[in-house]
Structure formats: structure tokens, C-alpha cells
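Everything in the sequence shown is counted per this note's numbering, starting at 21 for the first residue and increasing by one.
Even glycine gets a Cβ: it sits at the ideal position worked out from N, Cα and C.
Written out below as C-alpha cells is the structure these notes cover.
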Amino acid sequence: MSKERILTGIRPTGMLHLGNYFGATKNFLHLQENFDCYIFVADWHSLTTHPDTSTLKQSIRRVLAENIACGLDPEKVTLYAQSDVPEIAELYLYLNMLAYKGELEKTVTFKDKVRQNPQNVNAGLLTYPVLQAADILIMQAGKVPVGKDQEQHLEMARNFAQRFNHRYGNGETILPEPVAYSADDNELVKILSLDGNGKMSKSENHLNTIYLADDNELIIKKLKKAKTDQGPETENSTPPDYIENLFTLAKLVSTPDVVEKFRADYANSSSGNTVIRYGDFKKQLAEDMVKFIEPIRTRTEEILADESYLAGIMKDGKEKARAVAAETLKIVREKMGIKYY
Ligand code: ADP
Ligand code: TRP
């Protein structure tokens, strides 16, 4: 039996950080074993908010290199750039006729972007969900692993597919409706910013976000500065978010005995008797974090240094993705009656 197809897109708008790794990339490492995975860099999408293309090539290469260094296997996953598959743009054009101005204007991500950047409300931004639907529908992907903020886009993709099938399918499903695929809640890890203010994110203060590209010294410095406090007032207290976040990180990169020791120290601490030594905890965590990140960083640099390696992967991905896309587009054109001789 052939494997079910799963697809996701990554905007090349920044370097991967721990939140991206543990909240998204790590999930793909499991998915690639069981699904026919298509993962692409959404460079056209990034133009809606980042029109400067001078660093685009570099960003695309980095995002691919980092994902491969994290363990995405180009033999198992079809990796490609959106702009290498022009068929997507044609399907986008057809779907635009089935998308209404009103629904696009009501999209939460659109409204957010308008608020953030009122001087650049371009038509591409408005039709962003249509392009995303084209990305998915052209590859006939059934499942799309995305975060919560993308669920509305997925629903819109289903609506556009439905409208297309209804109008041109003659009772047949031409474009299958995709569903958002989220890992079980207990598998989804959320990493907080090191100052405890919200989630770790590339738009946050860079000193509170640990990137997979950070060098050892910087990792140590950032963790040293991570927010702590005077210790708990009473024994067996529930730690505040920012302390729990350090335990979360330790659970991900340290050995179980390290986590157990500092958990126990915390539980046994009270205002008169602070057993937990945050300085030691953060030092141990930094050491383990360096051990975790260093090989990924080194591998990323190796991949980036080899111009032809990544080019080869992108060319292979393009070939596979275009073959599927051309097949879908052929049927789409036929069903629409766009076939004149
Ligand atoms: P950012 O917030 O840095 O811009 P994106 O919004 O591009 O990151 O998210 C890319 C993926 O990484 C999404 O699947 C998102 O759920 C995940 N992700 C981002 N930040 C975190 C975090 N701090 N903890 C867990 N997952 C995260
Ligand atoms: N909109 C997605 C994001 O902001 C990126 C994306 C573009 C995408 N096309 C896609 C995700 C298709 C899944 C499927 O993260």
C-alpha cells in the first residue's frame, strides 16, 4: 500500500530556534518514517511580507540545511522550493476565482498583518490563504501538520477544494480536502522565551531565544541570563512558568538523572532552606544544550559549505514535486474545459 501524503511549508524568514525544533521539526522526524512527506520552502509566501530578495537565496539554503542537519532525510522527504513549481501559481489563479474578497479580509492572519504593517497591504497578502491552498491541493496532500494559527487557512483550503469540486467535478472529487494534522497534545512541546515572556520566537528579543546556529559561548551566555528567582517559599511548590521552562529544556537535552536531581532540589526548597542552586542547574543545562546543538550547527555549516549538495537535493525535489503538480493541473484543466485542441 502506498503511504499517505503529508505536506507542509516553511517560510524562509529566519533561523530555526529551539521552539521550532521541539515544536515542529522533531515531529517531522517521526512523520518521515510513516508518510510520503513533502516539505517545501514557501518563498513566494515570504514575499508578501519580506519584499527584499537580496538575502532570499541564503535564507532558503539555510532553512533547508538546518532541517537536514536536524535529521530530515532527503531520501525520504521530497524537499523543494515553492518557486520551483510554477504549476502552483496556475492553480492559485484558478482558485482565486473561487475565493471571495469578504472571507479573505476576515482571515485572522490577514488582519494581524494589516495591523502590524499598514503601509504594505498588498493583494498577495490578502490572497495568502489561496496560495497556501494551491500548495496543498496541487500535491493532493491529505494531511498538513501545522500549528494552531494555521487551522483557519486549512479550513479555507477545504472550502476552495469543495467549491472547485462542486463547480467543475461533476460529482467527482478532483481536489481532495486536506485536514490539519496535529500531534497528540502531550507530544507537542511549547518552549517559552528565556525571560518568561511568551513563547520563544524569532520575533522576540534574540537574547531570550536560543537558535540552532548559536555558538557555544552564546548558548552558555543566554542560559546564564535565563530568568530565575529567590527559590520557592514552601516545599513542594509548583514552579512558575519560567522555572518550569528550564525543566522542560532539561528534559529535552539532559539525562534523566539531571532532571530528577534538580526537580528534587526544587521540591525540597523553601524560603529558609533553598536547596536548589539555579546557577548550577543553568550551568549543567548549558553544558547539555551545547552538546545537543553543536553537532547540528556543525552539520549545517558543512551542508552550507557544499553548494552542489543542496542544489542537487533541490533539483531532485523539484522534479518529483513538478511531476505530481503537472498531473493534478492536467486534470484540473481538463475538468475546467481548458483544453482547446
Ligand atoms: P516563530 O514564532 O519563531 O515565527 P513560526 O511561527 O514560523 O515561528 O513557527 C514555525 C513552527 O514552529 C510552527 O509549527 C510553530 O508551532 C512552531 N513553534 C514556534 N515557536 C515555538 C515555541 N516556542 N514552542 C513550540 N513550538 C514553536
Ligand atoms: N502559512 C504557513 C506558515 O506561516 C506556511 C505555509 C505556506 C504552509 N504554504 C503552506 C504550511 C502549505 C502548510 C501547507 O507557517
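#1: Let me confirm a value: residue 186 is counted as buried when at least 16 other C-beta atoms fall within 10 Å, else exposed. Which label applies?
#2: Any idea which residues DSSP pairs residue 112 with across the strands?
#3: When the Cα atoms are used, what is the spatial distance from residue 181 to residue 131?
#4: Determine the extent of the beta strand (DSSP E) in which residue 97 is found, giving its start and end residues.
#5: Measuring only the C-alpha atoms, how far is residue 193 from residue 161?
#6: Taking only the alpha-carbon atoms, compute the straight-line gap between residue 110 and residue 328 and give it to the nearest angstrom.
#7: Starting from the N-terminal end, write out each residue whose C-beta falls within a distance shorter than 5 angstroms of any non-hydrogen atom of ligand 1.
#8: Just grab the DSSP bridge partners of residue 70 for me.
#9: Should residue 120 go down as buried or exposed, given a rule of 16 or more other Cβ atoms within 10 Å for buried?
#10: Can you check DSSP and say which residues form a bridge with residue 25?
#11: So for residue 295, helix, strand or coil by DSSP?
#12: Quick check: does the Cβ of residue 164 come within less than 7 angstroms of any heavy atom belonging to ligand 2?
#13: Is residue 52 closer than 8 angstroms to residue 92 when the C-beta atoms are compared?
#14: Among the residues of its own chain, which have a CB less than 8 angstroms from the CB of residue 155, if the five just before and after it don't count?
#15: Under 8 angstroms between the Cβ atoms of residue 124 and residue 99?
#16: Can you give me the Cβ contacts of residue 318 inside the same chain, cut-off strictly under 6 angstroms, excluding the 5 residues immediately before and after it?
#17: May I ask whether a heavy atom of ligand 2 can be found less than 7 angstroms away from the beta carbon of residue 51?
#18: Within 10 angstroms of its Cβ, does residue 250 collect 16 or more other Cβ (buried), or is it exposed?
#19: Is the separation between the beta-carbon of residue 312 and that of residue 273 shorter than 8 angstroms?
#20: Under 7 angstroms Cβ to Cβ from residue 210, same chain only, skipping five residues before and after it: list those, please.
#21: Quick one: residues in its chain with C-beta nearer than 6 angstroms to the C-beta of residue 175, no 5 flanking neighbours on either side, listed in chain order?
Straight from the coordinates:
#1: Residue numbering aside, residue 186 sits at position 166 when the sequence shown is read from its first letter. Residue 186 is exposed by the Cβ-count criterion.
#2: Here residue 112 is taken as the residue at index 92 of the sequence shown, counted from 1. Per DSSP, none; premise fails for residue 112.
#3: Taking the first residue of the sequence shown as 1, we reach residue 181 at position 161. Taking the first residue of the sequence shown as 1, we reach residue 131 at position 111. Going from the Cα of residue 181 to the Cα of residue 131 covers about 23 angstroms.
#4: On the sequence shown, position 77 is the one that residue 97 refers to. Counting along the chain, the beta strand (DSSP E) containing residue 97 begins and ends at 97-101.
#5: As a position in the sequence shown, residue 193 is number 173, starting the count at 1. As a position in the sequence shown, residue 161 is number 141, starting the count at 1. Whole-angstrom Cα-Cα distance: 13 angstroms.
#6: Numbered from its first residue, the sequence shown carries residue 110 at position 90. Numbered from its first residue, the sequence shown carries residue 328 at position 308. So the two alpha carbons sit approximately 30 angstroms from each other.
#7: 39, 40, 43, 44, 167, 210, 211, 219, 220, 221, 222
#8: Looking up residue 70 in the sequence shown gives position 50. None, per the DSSP bridge assignment.
#9: Position 100 of the sequence shown, counted from the start, is the residue given in the question as residue 120. So residue 120 counts as exposed.
#10: Taking the first residue of the sequence shown as position 1, residue 25 is located at position 5. Answer by DSSP bridge pairing, in chain order: 56.
#11: As a first step, residue 295 must be located in the sequence shown, where it is residue number 275. In this structure, residue 295 counts as coil in the three-state DSSP scheme.
#12: Translated into the one-based positions of the sequence shown, residue 164 becomes position 144. Yes, the Cβ of residue 164 comes within 7 angstroms of a heavy atom of ligand 2.
#13: As a working note, residue 92 is residue 72 in the sequence shown. As a working note, residue 52 is residue 32 in the sequence shown. Contact flag set, yes.
#14: For the purposes of this step, residue 155 is identified with residue 135 of the sequence shown, where counting begins at 1. 27, 29, 60, 62, 102, 108.
#15: Along the sequence shown, read from residue 1 onward, the residue named residue 124 stands at position 104. Along the sequence shown, read from residue 1 onward, the residue named residue 99 stands at position 79. No, Cβ-Cβ distance for residue 124 and residue 99 is not below 8 angstroms.
#16: Numbered from its first residue, the sequence shown carries residue 318 at position 298. Same-chain partners within the cutoff: there are none.
#17: Locating residue 51 in the sequence shown gives position 31, counting from the first residue. No - ligand 2 has no heavy atom lying nearer than 7 angstroms to the Cβ of residue 51.
#18: In the sequence shown, residue 250 corresponds to position 230, counting from 1. By the 10 Å Cβ count, residue 250 comes out exposed.
#19: In the sequence shown, counting from the first residue as 1, residue 312 sits at position 292. In the sequence shown, counting from the first residue as 1, residue 273 sits at position 253. Yes.
#20: For this step, residue 210 is matched to residue 190 along the sequence shown. 43, 219.
#21: Numbered from its first residue, the sequence shown carries residue 175 at position 155. Cβ within range, chain order: n/a, list empty.
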